[in-house]
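Engineer: Quick note, the working numbering runs 1 ahead of the 1-based positions in the sequence shown. This is the structure I want to talk about, given as structure tokens.
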Amino acid sequence: MDSGFENLRAKALEILSTKGMVDASVWGNDVKRLVEELSIHQIELEYQNEELIRVQAEVQKASEQYVDLFDNAPVGHLIIDENHNIVNVNNTFVKLFMLTKEEVIGNEIENYIAPLFKDTFYHFYKLLQKGEVYAQVDVKMRSSMRADLYVRIDGIKQPDSKLFRLAVSNISVQKRLEEQLRKETEKVIKRESQFRQIIERSSDVFYYQNIITRRFEYVSPNVNKLLGVSHNECMDLLPMEQLEFILPPFREAYNALPDELQQAEIYNQNAIVKEFQMITKQDKVIWVKGYYSLIRDMYGQPIQIMGTLHDITSDKEYEEKLKKAKDKAEESDMLKSSFLANISHEIRTPLNSIIGFSDIILTDYDKKSEFDIKKYMDIILKSGIRLLSLINDIIFVSKLDSRQMKVVKTEFDMNQLLLDSFDIFKPEADDKHLVLRYLGDNSPMIIISDKEKITTCLHNILKNALKYTNEGFIEYAASIEAGNVLKFYVRDTGIGIPDDKKMMIFDRFSQVKQTNFMEGVGLGLSIVKGTMELLGGEVTLDSEYGKGSMFTLYIPL
Ligand code: ADP
Numbered sequence: 002m003d004s005g006f007e008n009l010r011a012k013a014l015e016i017l018s019t020k021g022m023v024d025a026s027v028w029g030n031d032v033k034r035l036v037e038e039l040s041i042h043q044i045e046l047e048y049q050n051e052e053l054i055r056v057q058a059e060v061q062k063a064s065e066q067y068v069d070l071f072d073n074a075p076v077g078h079l080i081i082d083e084n085h086n087i088v089n090v091n092n093t094f095v096k097l098f099m100l101t102k103e104e105v106i107g108n109e110i111e112n113y114i115a116p117l118f119k120d121t122f123y124h125f126y127k128l129l130q131k132g133e134v135y136a137q138v139d140v141k142m143r144s145s146m147r148a149d150l151y152v153r154i155d156g157i158k159q160p161d162s163k164l165f166r167l168a169v170s171n172i173s174v175q176k177r178l179e180e181q182l183r184k185e186t187e188k189v190i191k192r193e194s195q196f197r198q199i200i201e202r203s204s205d206v207f208y209y210q211n212i213i214t215r216r217f218e219y220v221s222p223n224v225n226k227l228l229g230v231s232h233n234e235c236m237d238l239l240p241m242e243q244l245e246f247i248l249p250p251f252r253e254a255y256n257a258l259p260d261e262l263q264q265a266e267i268y269n270q271n272a273i274v275k276e277f278q279m280i281t282k283q284d285k286v287i288w289v290k291g292y293y294s295l296i297r298d299m300y301g302q303p304i305q306i307m308g309t310l311h312d313i314t315s316d317k318e319y320e321e322k323l324k325k326a327k328d329k330a331e332e333s334d335m336l337k338s339s340f341l342a343n344i345s346h347e348i349r350t351p352l353n354s355i356i357g358f359s360d361i362i363l364t365d366y367d368k369k370s371e372f373d374i375k376k377y378m379d380i381i382l383k384s385g386i387r388l389l390s391l392i393n394d395i396i397f398v399s400k401l402d403s404r405q406m407k408v409v410k411t412e413f414d415m416n417q418l419l420l421d422s423f424d425i426f427k428p429e430a431d432d433k434h435l436v437l438r439y440l441g442d443n444s445p446m447i448i449i450s451d452k453e454k455i456t457t458c459l460h461n462i463l464k465n466a467l468k469y470t471n472e473g474f475i476e477y478a479a480s481i482e483a484g485n486v487l488k489f490y491v492r493d494t495g496i497g498i499p500d501d502k503k504m505m506i507f508d509r510f511s512q513v514k515q516t517n518f519m520e521g522v523g524l525g526l527s528i529v530k531g532t533m534e535l536l537g538g539e540v541t542l543d544s545e546y547g548k549g550s551m552f553t554l555y556i557p558l
């Protein structure tokens, strides 16, 4: 007999004695004992009954609590049998799909699975049926009252039964967020790949550089095209090695970039632009325009420099050409003005002489001596020749300009030409007390070339030598070099040409301003240069300022 029963019995005896039901004087011992036993038993039963009612009430309460827990659980619950029929369902599930328990119980679970997910669900259920203790699946469920909802189903097999318990959680929001995230990620990936393509196809180089270590953290692969250095090599460059790609005058500016960028931000400038010269791995010097900005981390701390390098070498070359063209235009403008001033002088002087001396001759002609008339006629002749020579020069230049000048080749004796020139220029040299020396011999030097143009060049140079030499000598000679090049030179002990003017004197209308008055318009040497270009030859100049000059012409035969 267990202690619970003994307790009961003890309790019954106590109640009986208080009621005064046990009285040995009235009853015979046996009957008395039986009655006593029955009384005790009755009380026992009553008490047992009370206990039962209490336990029943407790069980009822627990059951109600369980049903409440089941019905109002935060997730939907379904109990399914092995034929996929719904045996029980909780309120949460039916509320979720706007149904009633009566509508759901007895239906096949598949009726509530969206068509596209039926296979998935089937596979999941098979797992459970095969004996898997636990399985999970994400599917879309629907009802006649409610559009598709994404749910997560956790399934377990009920122990010792053929029933399966499914917990259904609504994960629509989570799935929607996941989907949004996926779409966003896809977009980001797409955008990133577009940017990458833009960067890779661009001729500009993009980079990110750590602001502290100055090491590159990203360099676009096309750096190879700009600097001839491979992408990997570039990523490994130490700051000192980076400087080797920058021409020395620009290195300081490159080093100062981090400070300058932070300063620029103070003035609300997001980026700074710098132009500098770089040198490629193949030692080619290039001009680069860099756009730089500062990258900060989420705490506002500067972490990187973002740079874009744009090759502007051709722009710079073009700019240089434009500048040269502008300088040239300005110079030509200046030259034209000085030409006009010179030319008017050059035309007026001989014309005045011609008119003036003609007038003198004609006025009181009879009274003039023959000597005087001859003297005046000589001046008129020289002025006429000077005027003609100027007009010839202008015509020559304009013919060269309009490419109307033709090369006319004939056979002639070069030495004879030099001797004839001696006769022409000797009187003028004598007038200036200069020694004119022809250093060649008298034997013929027969060549085939454009005699007229060679004569013009020789005479222009001899004329200059006489014009710009005040004392000393002028000598000249010709030779054949390497069997097929005619070389001739004119050397003088004249005023010479300053080094910085040696190139420009071959330009049209340019003169070295050495005296206030100078005869000539600055066409002689430009005619020589133009003629050399036409004949495929070359003119060179050696001169020491104040000591003399030597012009040498080389003409291929
Ligand atoms: P022009 O003699 O008519 O001025 P050129 O074209 O013949 O023009 O010469 C251009 C300039 O070159 C001259 O004005 C002169 O300043 C300089 N020049 C030419 N030849 C000589 C020379 N032999 N010695 C010194 N200067 C010279």
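All C-beta atoms in this analysis are idealised placements derived from N, C-alpha and C, irrespective of residue type, glycine included. Remember, it's a predicted structure, so these values are computed and weren't measured experimentally.
Is Lys468 near the ligand ADP, in the sense that its beta carbon is under 7 angstroms from a heavy atom of that ligand?
Structural biologist: Within the sequence shown, residue 468 is the residue found at index 467, counting from 1. Flag set: Cβ of Lys468 near the ligand ADP.
Engineer: Just curious, the beta strand (DSSP E) that Asn89 is in, first and last residue?
Structural biologist: By 1-based counting over the sequence shown, the position of residue 89 is 88. Run containing Asn89: 87–90, per the beta strand (DSSP E) assignment.
Engineer: Going by the beta-carbon positions, is the gap between Ser450 and Ile556 smaller than 8 angstroms?
Structural biologist: For the purposes of this step, residue 450 is taken as residue 449 along the sequence shown, with counting starting at 1. For the purposes of this step, residue 556 is taken as residue 555 along the sequence shown, with counting starting at 1. Yes, the pair counts as a contact, with Cβ atoms nearer than the cut-off.
Engineer: Any heavy atom of the ligand ADP closer than 7 angstroms to the beta-carbon of Ser550?
Structural biologist: Position 549 of the sequence shown, counting from 1, holds the residue named residue 550. Result yes, Cβ under 7 angstroms from the ligand ADP.
Engineer: Between Glu412 and the rest of its own chain, which residues show a CB-CB distance below 8 angstroms, the 5 nearest in sequence each way excluded?
Structural biologist: Numbered from 1 along the sequence shown, position 411 holds the residue referred to as residue 412. Here the set comprises Ile447, Ile448, Ile449.
Engineer: Would you please state the rounded distance, in angstroms, between the beta carbons of Val174 and Ile154? I believe it to be under 8 angstroms.
Structural biologist: Walking along the sequence shown from the start, residue 174 turns up at place 173. Walking along the sequence shown from the start, residue 154 turns up at place 153. With a Cβ gap of about 17 angstroms, Val174 and Ile154 do not count as contacting.
Engineer: Excluding sequence positions up to five away, which residues of its chain have a Cβ less than 6 angstroms from the Cβ of Asp72?
Structural biologist: Along the sequence shown, one-based indexing puts residue 72 at 71. Asn91, Asn92.
Engineer: DSSP state of Val230, grouped into three classes?
Structural biologist: To locate residue 230, count along the sequence shown from 1; it is residue 229. Here Val230 sits in coil by DSSP.
Engineer: With a cut-off of 8 angstroms on the beta carbons, I'd call Phe435 and Gly473 a contact; round off their distance for me.
Structural biologist: Translated into the one-based positions of the sequence shown, residue 435 becomes position 434. Translated into the one-based positions of the sequence shown, residue 473 becomes position 472. The residue you asked about is not Phe; residue 435 is Leu in the sequence shown. Confirmed, about 7 angstroms.
Engineer: Tell me the rounded alpha-carbon separation between Ile304 and Ser315.
Structural biologist: By 1-based counting over the sequence shown, the position of residue 304 is 303. By 1-based counting over the sequence shown, the position of residue 315 is 314. Whole-angstrom Cα-Cα distance: 34 angstroms.
Engineer: Below 7 angstroms, is the gap between the Cβ of Asp500 and the nearest heavy atom of the ligand ADP?
Structural biologist: In the sequence shown, residue 500 corresponds to position 499, counting from 1. No; taking the cut-off as 7 angstroms, the Cβ of Asp500 has no heavy atom of the ligand ADP nearer than that.
Engineer: Touching or not, the region 339–354 and the region 241–248, by the rule of three or more beta carbon pairs under 8 angstroms?
Structural biologist: No, the region 339–354 does not touch the region 241–248.
Engineer: Grab me the residues of Ser544's own chain with a C-beta within less than 8 angstroms of its C-beta, minus the 5 sequence neighbours each way, in chain order.
Structural biologist: Here the question's residue 544 lines up with position 543 in the sequence shown. Taken in chain order, the residues that qualify are Gly497, Ile498, Lys503, Ser550, Met551.
Engineer: At 3 residues or longer, what runs of the beta strand (DSSP E) sit wholly inside the region 459–538?
Structural biologist: Qualifying beta strand (DSSP E) stretches, in chain order: 474–482, 486–493.
Engineer: Less than 8 angstroms between the beta carbons of Ser221 and Ile200, yes or no?
Structural biologist: Taking the sequence shown and counting its residues from 1, the one referred to as residue 221 is at position 220. Taking the sequence shown and counting its residues from 1, the one referred to as residue 200 is at position 199. Yes, the Cβ-Cβ distance between Ser221 and Ile200 is below 8 angstroms.
Engineer: Can you tell me whether Asn485 sits near the ligand ADP, meaning its C-beta is under 7 angstroms from at least one heavy atom of the ligand?
Structural biologist: Counted from its first residue, the sequence shown places residue 485 at position 484. No - the ligand ADP has no heavy atom lying nearer than 7 angstroms to the Cβ of Asn485.
Engineer: Roughly how many angstroms separate the alpha carbons of Ser359 and Tyr366, rounded to a whole number?
Structural biologist: For the purposes of this step, residue 359 is taken as the residue at position 358 of the sequence shown. For the purposes of this step, residue 366 is taken as the residue at position 365 of the sequence shown. Taking the straight line from one Cα to the other gives about 10 angstroms.
Engineer: Whose CA, out of Met415, Asp334, Ile306, Ala11, lies closest to the CA of Tyr208?
Structural biologist: Position 207 of the sequence shown, counted from the first residue, corresponds to residue 208. Comparing Cα positions, the closest option is Ile306.
Engineer: What is the DSSP secondary structure of Ile106, counted as helix, strand or coil?
Structural biologist: For the purposes of this step, residue 106 is identified with residue 105 of the sequence shown, where counting begins at 1. It is coil, neither helix nor strand.
Engineer: In the DSSP assignment, find the beta strand (DSSP E) that holds Tyr293 and state where it starts and stops.
Structural biologist: Counting from one through the sequence shown, the residue named residue 293 turns up at place 292. That run of the beta strand (DSSP E) goes 286–297.
Engineer: At 4 residues or longer, what runs of the alpha helix (DSSP H) sit wholly inside the region 341–417?
Structural biologist: Listed in chain order, they are 371–402.
Engineer: Buried or exposed: where does Lys454 fall if 16 or more other Cβ atoms within 10 Å of its Cβ makes it buried?
Structural biologist: Working through the sequence shown from its first residue, we reach residue 454 at position 453. Looking at its Cβ environment, which holds 16 or more other Cβ atoms inside 10 Å, Lys454 is buried.
Engineer: Any idea what DSSP makes of Asn171, helix, strand or coil?
Structural biologist: Walking along the sequence shown from the start, residue 171 turns up at place 170. Residue state, collapsed to three classes: strand.
Engineer: Keeping to the same chain, check which residues put their C-beta closer than 7 angstroms to that of Ala95; ignore five residues upstream and five downstream.
Structural biologist: Position 94 of the sequence shown, counted from the first residue, corresponds to residue 95. Correcting the residue identity first, residue 95 is Val in this sequence and not Ala. Counting only Cβ-Cβ distances below 7 angstroms, and skipping sequence neighbours, we find Thr101, Lys102, Val105.
Engineer: Between the alpha carbons of Lys548 and Leu558, how many angstroms are there, rounded?
Structural biologist: As a position in the sequence shown, residue 548 is number 547, starting the count at 1. As a position in the sequence shown, residue 558 is number 557, starting the count at 1. The alpha-carbon atoms of Lys548 and Leu558 are separated by roughly 33 angstroms.
Engineer: Bridge partners for Gln137 per DSSP, in chain order?
Structural biologist: Position 136 of the sequence shown, counting from 1, holds the residue named residue 137. According to DSSP, Gln137 bridges with Asp155.
Engineer: Can the beta-carbon of Met299 be found closer than 8 angstroms to that of Ile247?
Structural biologist: Here residue 299 is taken as the residue at index 298 of the sequence shown, counted from 1. Here residue 247 is taken as the residue at index 246 of the sequence shown, counted from 1. Cβ atoms of Met299 and Ile247: not closer than 8 angstroms.
Engineer: With a cut-off of 8 angstroms on the beta carbons, I'd call Leu150 and Leu97 a contact; round off their distance for me.
Structural biologist: Numbered from its first residue, the sequence shown carries residue 150 at position 149. Numbered from its first residue, the sequence shown carries residue 97 at position 96. Correct: roughly 7 angstroms between the Cβ atoms.
Engineer: Output needed for Leu336: all residues of its chain with C-beta closer than 8 angstroms, excluding positions within five of it in sequence on either side, in chain order.
Structural biologist: Along the sequence shown, read from residue 1 onward, the residue named residue 336 stands at position 335. Asp508, Arg509, Phe510, Ser511, Gly523.
Engineer: Taking C-alpha atoms, which residue in Ser333, Gly521, Gln210, Val56 lies nearest to Ile392?
Structural biologist: Taking the first residue of the sequence shown as 1, we reach residue 392 at position 391. Ranking the options by Cα distance to Ile392, first place goes to Gly521.
Engineer: Determine, using beta carbons only, whether Arg147 and Met99 come nearer to each other than 8 angstroms.
Structural biologist: Within the sequence shown, residue 147 is the residue found at index 146, counting from 1. Within the sequence shown, residue 99 is the residue found at index 98, counting from 1. Taking 8 angstroms as the Cβ cut-off, Arg147 and Met99 qualify as a contacting pair.
Engineer: Is Thr417 near the ligand ADP, going by C-beta to nearest heavy atom under 7 angstroms?
Structural biologist: Here residue 417 corresponds to residue number 416 of the sequence shown, with the count starting at 1. With the sequence shown as reference, residue 417 is identified as Gln, and Thr is not the correct amino acid for it. Outside the cutoff, so no.
Engineer: Any heavy atom of the ligand ADP closer than 7 angstroms to the beta-carbon of Ser511?
Structural biologist: Counted from its first residue, the sequence shown places residue 511 at position 510. Yes, since a heavy atom of the ligand ADP falls inside the 7 angstroms radius drawn around the Cβ of Ser511.
Engineer: Can you tell me the Cα-Cα spacing of Ile355 and Gln405, whole angstroms?
Structural biologist: As a working note, residue 355 is residue 354 in the sequence shown. As a working note, residue 405 is residue 404 in the sequence shown. The alpha-carbon atoms of Ile355 and Gln405 are separated by roughly 32 angstroms.
Engineer: Closer than 7 angstroms: is that where the CB of Leu526 sits relative to any heavy atom of the ligand ADP?
Structural biologist: The sequence position of residue 526 within the sequence shown is 525, counting from 1. At least one heavy atom of the ligand ADP is nearer than 7 angstroms to the Cβ of Leu526, so yes.
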